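I have placed the structure first, in the form of structure tokens, so that the comments after it can refer back to it.
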Amino acid sequence: YIDITPLIAILLLVFLDRFLAQSLIDLGWRLR
1 YIDITPLIAI LLLVFLDRFL AQSLIDLGWR LR
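Following full-length UniProt numbering from start to finish, the sequence shown increments by one per residue and tops out at 32.
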């Protein structure tokens, strides 16, 4: 039995990081 919870947490963090970065870039472009 392998505990994949840490793996899921890392994937979620990476996904959120990408999503937030993209949103911030998008906002930056709109504010200009």
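Backbone N, C-alpha and C define an ideal beta-carbon position, used for all residues, glycine too.
Source: prediction; values computed, not measured.
Between the C-alpha atoms of residue i and residue j, what's the straight-line distance to the nearest angstrom?
i   : j   : result
L27 : F15 : 18 Å
T5  : L31 : 38 Å
I10 : L24 : 21 Å
L29 : L7  : A small correction: the amino acid at residue 29 is Trp; Leu does not occupy that position in the sequence shown. So the alpha carbons of these two residues sit roughly 33 Å apart.
I2  : L20 : 30 Å
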